[in-house]
Amino acid sequence: MFWNLTTLILTAVAAAAFYWLGPKFVAAFKRFDEENRSRILDERRDRGDGSAHVRHTLKVAEEQVEEIVEVRESDPRTGTPVIRFAFEGEVFATRAEAERVRAIKIGEIARGFYRELPAALAAKRHGERLN
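Here the sequence shown is numbered in numbering that gives the first Met the number 0, starting from 0 and rising by one per residue.
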């Protein structure tokens, strides 16, 4: 009798949890599947694209740079609230200015990668000969 009551309660709790959390799990799996499909399509497209390495380098460099943050403050002359844009501790009046400085930073990181690439490839080749 006790075992049947425990099983019944656990089954009811599991069913309620599944009913409540089920849609969240399904949505998470759908997002994962969409991201996976998108990644596979990108990889197929990149096989025929000679400049795909540049796009990937810029993507990696962009991940290393912080995002632009909106800052609400009052204008010192008029006292009205205005929106400013901050990037790496510097405040800009417009998003376009902040995006331009961020793009320059991303470009610098990507160029640094390509400057270091010949030495990294040479070290890799040298390491492969030793093995």
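Every residue, glycine too, gets a C-beta built ideally from N, C-alpha and C.
Review point. Do glutamate 69 and isoleucine 82 have their C-beta atoms within less than 7 Å of each other?
Key: Stepping through the sequence shown from its first residue, residue 69 is reached at position 70. Stepping through the sequence shown from its first residue, residue 82 is reached at position 83. Taking 7 Å as the Cβ cut-off, glutamate 69 and isoleucine 82 qualify as a contacting pair.
Practice item. For alanine 85, write down the residues that DSSP places opposite it in a beta bridge. Key: Translated into the one-based positions of the sequence shown, residue 85 becomes position 86. DSSP, once it has assigned bridges, lists Val68 and Val90 as partnering alanine 85.
Check your understanding: Between which two residues does the alpha helix (DSSP H) containing threonine 56 stretch?
Key -> Translated into the one-based positions of the sequence shown, residue 56 becomes position 57. 51 to 63 is the extent of the alpha helix (DSSP H) around threonine 56.
**Study point:** Alpha carbon of alanine 51 to alpha carbon of glycine 88, nearest angstrom
**Key:** Within the sequence shown, numbered from 1, the residue matching residue 51 stands at position 52. Within the sequence shown, numbered from 1, the residue matching residue 88 stands at position 89. So the alpha carbons of these two residues sit roughly 32 Å apart.
Practice item. Could you round the C-beta distance between phenylalanine 112 and alanine 60 to whole angstroms and report it? I think they count as a contact, below 8 Å. Key: Residue 112 sits at position 113 when you count from the first residue of the sequence shown. Residue 60 sits at position 61 when you count from the first residue of the sequence shown. That belief holds up - the Cβ atoms of phenylalanine 112 and alanine 60 are roughly 7 Å apart, short of 8 Å.
Practice item. Pull up the DSSP beta-bridge partners for proline 80, would you. Key: Position 81 of the sequence shown holds residue 80. Answer is Ser73, bridged to proline 80.
Review point. What separation, rounded to the nearest whole angstrom, lies between the Cα atoms of threonine 5 and alanine 15?
Key: As a first step, residue 5 must be located in the sequence shown, where it is residue number 6. As a first step, residue 15 must be located in the sequence shown, where it is residue number 16. Each residue's Cα considered, the two are about 15 Å apart.
Point to revise | phenylalanine 86 vs arginine 99 beta-carbon contact at 7 Å | key: Here residue 86 refers to the residue found at position 87 of the sequence shown. Here residue 99 refers to the residue found at position 100 of the sequence shown. Not closer than 7 Å, so no.
Review point. Where does alanine 109 land, buried or exposed, given buried means 16+ other C-beta within 10 angstroms?
Key: Position 110 of the sequence shown, counted from the start, is the residue given in the question as residue 109. Buried: at least 16 other Cβ atoms inside 10 Å.
Exercise for review: Compare the beta carbon distance of arginine 76 and phenylalanine 84 with 7 Å and say whether it is the shorter of the two.
Suggested key: The residue labelled residue 76 in the question sits at position 77 within the sequence shown. The residue labelled residue 84 in the question sits at position 85 within the sequence shown. Cβ atoms of arginine 76 and phenylalanine 84: not closer than 7 Å.
Practice item. State the Cα-Cα distance for the pair leucine 129 and isoleucine 67, rounded to the nearest angstrom. Key: As a first step, residue 129 must be located in the sequence shown, where it is residue number 130. As a first step, residue 67 must be located in the sequence shown, where it is residue number 68. Only weak support exists for where leucine 129 lies, its pLDDT of 46 falling under 50; the value from the coordinates is given anyway. Those two C-alpha atoms are separated by around 46 Å.
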